[in-house]
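Colleague: Residue numbers (this note's numbering): 23 to 154.
Sharing a structure here in structure tokens format.
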Amino acid sequence: MKKIIALFILLILVASPFFASSVEQPKVEIHFAWFHWGIVIVVGNSEDEAIHHVCLDSISIAGFVFIGCNSVDYLEEIGSYGVGYLIVPIFGFGRCLVTAEISYEYEGITYNETLHGLFFVFGTTTLLLQEW
Numbered sequence: 023m024k025k026i027i028a029l030f031i032l033l034i035l036v037a038s039p040f041f042a043s044s045v046e047q048p049k050v051e052i053h054f055a056w057f058h059w060g061i062v063i064v065v066g067n068s069e070d071e072a073i074h075h076v077c078l079d080s081i082s083i084a085g086f087v088f089i090g091c092n093s094v095d096y097l098e099e100i101g102s103y104g105v106g107y108l109i110v111p112i113f114g115f116g117r118c119l120v121t122a123e124i125s126y127e128y129e130g131i132t133y134n135e136t137l138h139g140l141f142f143v144f145g146t147t148t149l150l151l152q153e154w
């Protein structure tokens with residue numbers, strides 16, 4: 023009888039990984055707009071539920087940029103299958119390296135993402151050369 027109970031417990035322990043549910047990242051795409059006025063971060067929500075508290079936590083701009091200020095750095099909500107934009111107007115010339123940290127909340131869990139991009143800036147027009 024003890025062997026049967028031990029075998030039953032062993033069977034449950036071996037099969038338990040198949041019963042566990044995995045936590046998946048939400049289907050939220052965050053990237054730079056490739057050609058725009060200023061630095062524009064596009065946030066696309068491909069989930070059935072809305073994402074909340076989309077925030078540009080920090081941005082670092084290295085290059086020959088004279089003016090750079092946060093215009094739209096917080097979005098309260100992006101609906102399901104919706105798109106939102108975080109905008110940073112800049113003015114400068116030449117290449118610049120941009121690092122941005124974005125956070126958002128989905129189903130009560132806060133997620134963070136970091137973007138890096140190399141831009142060519144001519145006045146207020148930006149052209150994305152490379153993103154990683």
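In this text, a Cβ means the ideal position worked out from N, Cα and C, and glycines have one as well.
Just so we're clear, the structure is a prediction, and the values are computed from it rather than from any experiment.
Under the rule that 16 or more other beta-carbon atoms within 10 Å means buried, what is Glu134, buried or exposed?
Modeller: For the purposes of this step, residue 134 is identified with residue 112 of the sequence shown, where counting begins at 1. For clarity, residue 134 is Asn in the given sequence; the question names Glu instead. Asn134 is exposed by the Cβ-count criterion.
Colleague: State the start and end residues of the unbroken beta strand (DSSP E) segment that holds Thr148.
Modeller: Locating residue 148 in the sequence shown gives position 126, where the first residue counts as 1. Looking at the DSSP string, the run of the beta strand (DSSP E) that includes Thr148 is 147-153.
Colleague: Going by the beta-carbon positions, is the gap between Thr146 and Ile112 smaller than 8 Å?
Modeller: The sequence position of residue 146 within the sequence shown is 124, counting from 1. The sequence position of residue 112 within the sequence shown is 90, counting from 1. Contact flag set, yes.
Colleague: Between Asn67 and Ile26, what straight-line distance do the alpha-carbon atoms span, to the nearest angstrom?
Modeller: Here residue 67 refers to the residue found at position 45 when the sequence shown is read from its first residue. Here residue 26 refers to the residue found at position 4 when the sequence shown is read from its first residue. Looking at the two C-alpha atoms, the distance is approximately 50 Å.
Colleague: With 16 other CB atoms within 10 Å as the buried threshold, where does Phe162 fall?
Modeller: Lying before the first or after the last residue shown, residue 162 is absent from the chain, which here runs from 23 to 154.
Colleague: With respect to the beta strand (DSSP E) encompassing Trp59, which residues constitute its N-terminal and C-terminal limits?
Modeller: On the sequence shown, position 37 is the one that residue 59 refers to. Its beta strand (DSSP E) spans residues 57-59.
Colleague: Cβ atoms of Leu150 and Gly56: under 8 Å apart, would you say?
Modeller: Position 34 of the sequence shown, counting from 1, holds the residue named residue 56. Position 128 of the sequence shown, counting from 1, holds the residue named residue 150. The residue you asked about is not Gly; residue 56 is Trp in the sequence shown. In this structure, Trp56 places its C-beta atom within 8 Å of the C-beta atom of Leu150.
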